[in-house]
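Before any comments, here is the structure.
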Amino acid sequence: MNNIYRVVQDQGLTYQQKVLQLAREAENSIEVLHISKEAKDYMEKRVICDLFEGKAPYRPRYILPDYERLMKIGSKFLELNPPADLWEAVNHLLIFYKHVPSITSFPVFVGVLDQLLEPFIVNEEEAYKIIKLFFIHMDRTLTDSFVHANIGPHDSRAGRLILKAERELKNAVPNLTLRYSKDTPKDFALEAVQTGLEVSKPYFANHEMFVREFGKEYGIASCYNGLPVGGGSYTLVRLNLKRLAEEAGNQETFFKQYIPHAVGLVTEIMDERIRFLVEESGFFESSFLAKEGFIHKDRFTAMFGIFGLAECVNLFLNARDRRDRYGHSEKAKELGYQIVKKIEEAVNQHRNLYCQGTGQRFLLHAQSGISADIDATAGCRIPIGDEPELLDHILYAAKFHPLFPSGISDIFTFESTAKNNPEFVLDIIRGAMEKGMRMFAFSSGDNDLMRVTGYLVKKSEMKKRKAGEPVLQDTVALGLEAVENQRLLERKVIKNDA
Amino acid sequence: MMLKGYVHKILPFSAVDGPGNRTVIFLQGCNFDCIYCHNPETIRRCSHCGECIKACPYAALGLERGKILWKQDLCRDCDGCIRACPYDSSPKVQTMDVEEIMDHIRKVGGFISGVTLSGGECTLQAAFVIEIFKRVREMGLTAFLDTNGFVPLQQMKEMALTMDMAMVDLKSYDGEEHRMLTGKGNEPVIENIRYLAEIHKLYEIRTVIVPELLDNRKNVDKISRLIATLDPNIRYKLIWFRSVGVREGAKIWKEPTEELMKELVAIAEKNGCKNVVMV
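Taken in order, these protein sequences are the chains called A and B. Residue numbers for the first sequence follow the UniProt record's numbering, so the first one is 1 and each next one is one higher. Residue numbers for the second sequence follow the UniProt record's numbering, so the first one is 1 and each next one is one higher.
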């Protein structure tokens with residue numbers, strides 16, 4: 001009850017944030033999941049972390065509705081006919097977004113917006129005004145930076161208007177990804193680079209790679225999570241490799257006993273969460289999204305997250321000198337790779353009948369960390385302060401990207417003068433993708449918008465929050481905590497001549 | 001015999017040496033001696049005097065049969081040797097053949113738009129440069145030349161034909177001022193600029209702005225007029241003088257103010273230049 005009282009009185013939260021927080025408190029007041037003592041122990045020791053998903057899953061963590069369907073046939077439940085023009089299209093979407101559940105209660109995927117809107121674009125001047133209003137509306141009402149829009153891979157008027165609006169508005173919401181392919185026209189990609197250097201988005205996603213894994217109907221949701229459209233992910237539970245390494249003590253038992261054991265416990269938790277959600281919560285029976293075919297149970301999967309690989313590897317190698325550490329040494333890279341391969345093998349052996357979207361298998365995810373992480377680096381990233389030179393950094397990171405279909409990313413910060421030469425950045429992105437990089441996040445050091453782990457927060461908003469003022473977006477508080485815990489402002493800046 | 005060149009440094013990625021991301025190969029040796037030179041260690045070849053050996057805190061330098069030996073694996077790039085060199089050179093200059101250069105380029109091939117040969121003054125090693133350009137273009141990459149424009153390219157047709165484009169410094173429009181600044185006149189430079197523009201291979205002209213040392217307004221005015229008559233789309237890059245990296249004697253010169261730089265950009269634009277940048 002203490003928590004509830006505290007939430008009610010908290011002057012740093014908006015009304016909406018309080019309601020969501022109170023809902024979480026209510027959910028966590030019941031015990032309906034059957035989790036073994038062993039798994040609970042590992043959670044208490046913070047070897048396994050369920051990311052505070054809640055004790056009674058009543059909606060999938062991530063939902064990627066089929067918005068094309070809304071455009072084509074509208075929605076009976078929402079009493080919407082197919083939109084006839086751009087005004088109606090964005091109005092439909094804005095209505096729909098408020099009915100897409102997720103772990104944050106905000107839609108983590110708002111669609112491949114250029115494809116959705118392009119057919120309605122007649123007059124570009126009017127379209128720009130509408131798109132701007134649409135984006136402002138999203139930013140002020142979907143107050144959570146995990147709301148993620150996609151564009152690309154093809155050039156379109158809508159895509160260019162969206163990029164232009166992003167540059168002008170400089171909003172944290174939505175997060176944005178350009179699905180980038182070899183066929184993406186260069187001048188469109190350059191416009192996206194220019195946008196990224198100003199507002200720290202879009203991400204560039206390796207379209208060919210995602211299509212190989214999911215087919216063309218995929219989307220990038222939340223931080224940088226690749227998932228099937230018309231489905232999503234029931235849950236995400238993550239394994240702290242640093243803590244698991246500490247438990248194991250030595251490399252041999254780590255590989256032989258601890259990895260299989262820990263993977264077993266994570267999958268147990270995931271299985272149980274999925275069982276409750278699918279079999280007991282009634283979500284798929286009652287949601288209009290499922291009834292009207294915007295989502296399909298058989299397009300869902302679940303995400304097995306890992307993080308702290310760098311610290312895990314450094315621990316086993318007893319690596320003190322920079323050149324021996326993860327991010328520099330070939331030996332560390334190879335060991336890291338073997339660890340992830342071993343986890344992949346164990347995860348792939350497991351089957352969950354409800355994960356039809358991915359052949360009953362869970363997908364690996366290099367989890368980007370949460371604000372409370374202090375001593376374990378996100379996913380497979382190289383710790384801040386240990387980043388090597390750009391080319392080496394890319395080649396090191398690219399080794400791990402193919403292993404994580406449901407998302408992995410590395411963040412690169414360029415000097416602001418790179419804005420004079422966006423082709424420079426595009427060349428690097430193109431090269432990185434050829435080497436197998438899946439998600440390329442970049443920004444310029446002096447942007448107000450900064451990429452915290454996977455999401456964006458304004459530095460100016462974090463300042464306000466630090467002074468105790470309420471702020472519109474709930475992710476500002478998370479960002480502030482992460483910045484303070486994880487030295488995020490000290491990321492290496494790539495020199496223009498390095 | 002295998003062609004060899006004196007290589008000061010290879011930079012795998014650069015955003016400031018032509019379009020896109022470029023590998024830059026800096027060759028050693030220059031025929032100018034500019035007062036404000038930002039990398040004076042590229043001007044001369046090593047005399048093997050050994051002064052730098054004492055300056056190295058990592059024992060990465062030694063003498064072997066009267067020649068400086070640079071132990072790359074011990075070097076931490078602190079540049080103590082370069083600061084100690086009394087001769088505007090560097091003990092880290094390497095003699096490399098074309099194949100060695102190409103090894104570097106192949107390693108980064110997927111990440112770059114092309115290669116820029118810079119210096120020092122790379123036209124002093126023309127045969128080496130031409131060979132690299134040919135090989136670079138065979139890879140489907142672009143070949144750019146960064147030059148002070150003193151060596152007449154019209155008499156070096158093969159170089160002009162092999163490269164994609166050139167970036168030329170025009171440090172002063174006034175012959176006397178140019179001589180004061182660089183030690184040489186500017187007639188061949190302007191001649192080269194006209195020639196390169198004519199064959200559509202002039203990518204950029206650059207002028208470093210140094211208050212008090214140079215008549216910056218006059219230079220920018222005249223140079224931008226020249227560009228506008230040749231082709232107003234040729235990029236004109238105005239470079240802020242920075243005291244970082246220059247010789248002791250040049251540290252007395254002030255860096256330009258932002259107001260001055262903006263004023264100069266405005267002059268160039270007013271004169272018809274369509275692509276003026278300041279860096």
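Yeah, the Cβ is synthetic: ideal placement off N, Cα and C, and Gly gets one too. Please read these numbers as outputs of a predicted model, since none were measured by experiment.
Quick test of your reading: residue i and residue j, contact by CB under 8 Å. State the CB separation rounded to the nearest angstrom.
i	j	result
Ile-199 (chain B)	Thr-162 (chain B)	Rounded, the Cβ-Cβ distance is 12 Å, inconsistent with contact.
Ile-105 (chain B)	Val-115 (chain B)	6 Å
Arg-157 (chain A)	Glu-125 (chain A)	Not quite, the Cβ-Cβ distance comes to about 11 Å (not below 8 Å), so this is no contact.
Leu-264 (chain B)	Asn-186 (chain B)	Contact doesn't hold; Cβ gap of about 19 Å is too wide.
Ile-306 (chain A)	Arg-381 (chain A)	Ile-306 (chain A) to Arg-381 (chain A), Cβ: 11 Å. No contact.
Glu-275 (chain B)	Phe-424 (chain A)	The displayed chain sequence assigns Asn, not Glu, to residue 275 (chain B). Contact flag wrong, Cβ pair sits at about 17 Å.
Pro-202 (chain A)	Leu-227 (chain A)	At roughly 17 Å, the Cβ-Cβ gap does not stay under 8 Å, so Pro-202 (chain A) and Leu-227 (chain A) are not in contact.
Leu-78 (chain A)	Ile-95 (chain A)	6 Å
Gly-18 (chain B)	Tyr-203 (chain B)	6 Å
His-148 (chain A)	Ser-181 (chain A)	Not quite, the Cβ-Cβ distance comes to about 19 Å (not below 8 Å), so this is no contact.
For residue i, return the contacting residues in chain A, with the cut-off set at a CB-CB distance below 8 Å.
i	result
Val-108 (chain B)	Leu-391 and Gly-431
Val-40 (chain B)	The residue asked about is misnamed: residue 40 (chain B) is Pro in this sequence, not Val. Within 8 Å Cβ-Cβ: nothing; Pro-40 (chain B) doesn't reach chain A, min ~17 Å.
Gly-20 (chain B)	Asn-421, Glu-423, Phe-424, Leu-426 and Asp-427
Just mark residue i as buried or exposed, buried being the case when its beta carbon has 16 or more other beta carbons within 10 Å.
i	result
Tyr-455 (chain A)	buried
Gly-159 (chain A)	buried
residue 521 (chain A)	Here chain A covers residues 1 to 498 and nothing more, so residue 521 (chain A) does not appear.
Gln-155 (chain B)	exposed
Ile-103 (chain A)	buried
Cys-78 (chain B)	exposed
Met-433 (chain A)	buried
Met-159 (chain B)	buried
Met-2 (chain B)	exposed
Phe-412 (chain A)	buried
Pro-185 (chain A)	exposed
Leu-124 (chain B)	buried
Val-313 (chain A)	buried
Ser-145 (chain A)	buried
Leu-277 (chain A)	buried
Ile-4 (chain A)	exposed
So the candidates are the options; which of them puts its Cα closest to the Cα of residue i?
i	options	result
Ser-409 (chain A)	A:Lys-495, A:Ile-220 and A:Leu-449	A:Ile-220
Gly-308 (chain A)	A:Ile-259, A:Arg-323 and A:Gln-367	A:Gln-367
Leu-74 (chain B)	B:Tyr-58, B:Gln-125 and B:Arg-65	B:Tyr-58
Val-136 (chain B)	B:Asp-103, B:Cys-37, B:Pro-40 and B:Val-246	B:Asp-103
Leu-93 (chain A)	A:Ser-102, A:Leu-113, A:Val-425 and A:Glu-268	A:Leu-113
Gly-119 (chain B)	B:Asp-164, B:Thr-207 and B:Arg-45	B:Arg-45
Ser-36 (chain A)	A:Thr-267, A:Tyr-128, A:Ala-26 and A:Glu-126	A:Thr-267
Phe-241 (chain B)	B:Lys-251, B:Arg-235 and B:Lys-222	B:Lys-251
Ile-53 (chain B)	B:Cys-34, B:Gly-80, B:Ile-112 and B:Cys-37	B:Gly-80
Gly-109 (chain B)	A:Leu-116, A:Asn-314, A:Asp-427 and A:Glu-484	A:Asp-427
Lys-164 (chain A)	A:Ala-127, A:Gln-257, A:Thr-143 and A:Leu-364	A:Ala-127
Lys-262 (chain B)	B:Ala-15, B:Arg-65 and B:Val-220	B:Val-220
Gly-29 (chain B)	B:Lys-71, B:Leu-61, B:Cys-56 and B:Tyr-87	B:Tyr-87
Ala-268 (chain B)	B:Ser-243, B:Thr-229 and B:Thr-257	B:Thr-229
Asn-447 (chain A)	A:Ala-482, A:Leu-197 and A:Tyr-5	A:Leu-197
Leu-449 (chain A)	A:Ala-26, A:Met-439, A:Leu-488 and A:Pro-422	A:Leu-488
Asp-392 (chain A)	A:Asn-28, A:Met-437, A:Arg-351 and A:Leu-78	A:Met-437
Since residue i meets chain B, which of its residues come closer than 9 Å, beta carbon to beta carbon?
i	result
Asn-420 (chain A)	Ala-15, Val-16, Val-277 and Val-279
Ala-435 (chain A)	Note that residue 435 (chain A) corresponds to Lys in the displayed sequence, not to Ala. In chain order: Gly-110 and Phe-111.
Output, in chain order, the set of chain B residues within a Cβ distance shorter than 8 Å of residue i.
i	result
residue 582 (chain A)	Only positions 1 to 498 of chain A appear in this structure, which leaves residue 582 (chain A) out of reach.
Thr-417 (chain A)	Ala-15, Val-16 and Val-279
Is residue i near the ligand SAM, in the sense that its beta carbon is under 7 Å from a heavy atom of that ligand?
i	result
Asp-77 (chain B)	By its list of ligands, the structure shown contains no ligand whatsoever, and the ligand SAM lies outside what it can speak to.
Which residues in chain A have a C-beta closer than 9 Å to the C-beta of residue i? List them in chain order.
i	result
Gly-120 (chain B)	Simply none; closest approach about 16 Å.
Inset, instruction - Take every Cβ of the stretch 187-196 of chain A, pair it with every Cβ of the stretch 461-473 of chain A, and state whether three or more of those distances are shorter than 8 Å. - result: Contact between the stretch 187-196 of chain A and the stretch 461-473 of chain A is absent: fewer than 3 CB-CB pairs across the two stretches fall below 8 Å.
Inset, instruction - Inspect the CB distances between the stretch 229-247 of chain A and the stretch 41-49 of chain A and report whether three or more fall short of 8 Å. - result: In short, these stretches touch, since the Cβ pair count reaches three.
Inset, instruction - Report yes or no: do three or more beta-carbon pairs, one from the stretch 396-416 of chain A and one from the stretch 203-221 of chain A, lie closer than 8 Å? - result: Yes, the stretch 396-416 of chain A touches the stretch 203-221 of chain A.
Inset, instruction - Determine contact between the stretch 163-173 of chain B and the stretch 143-152 of chain B, defined as no fewer than three beta-carbon pairs at a distance below 8 Å. - result: For the pair of segments examined, the stretch 163-173 of chain B was found to touch the stretch 143-152 of chain B: the number of CB pairs separated by less than 8 Å reaches three.
Inset, instruction - Count the C-beta pairs between the stretch 131-144 of chain A and the stretch 166-186 of chain A that are closer than 8 Å, then say yes if the count reaches three, no if not. - result: Because the criterion of three Cβ pairs below 8 Å is met, the stretch 131-144 of chain A and the stretch 166-186 of chain A touch.
Inset, instruction - Tell me, please, whether the stretch 308-324 of chain A touches the stretch 348-365 of chain A by the rule of three or more beta-carbon pairs shorter than 8 Å. - result: Judged by Cβ distances under 8 Å, the stretch 308-324 of chain A makes no contact with the stretch 348-365 of chain A, as fewer than three pairs qualify.
Inset, instruction - Please determine if the stretch 291-300 of chain A and the stretch 47-65 of chain A are in contact, where contact requires at least 3 C-beta pairs separated by less than 8 Å. - result: At 8 Å Cβ cutoff, the stretches touch.
Inset, instruction - Count the C-beta pairs between the stretch 371-387 of chain A and the stretch 343-360 of chain A that are closer than 8 Å, then say yes if the count reaches three, no if not. - result: Fewer than three Cβ pairs drawn from the stretch 371-387 of chain A and the stretch 343-360 of chain A lie within less than 8 Å of each other, which leaves the two stretches out of contact.
Inset, instruction - Examine the Cβ distances between the stretch 276-284 of chain A and the stretch 52-60 of chain A and report whether three or more of them are shorter than 8 Å. - result: Touching, yes.
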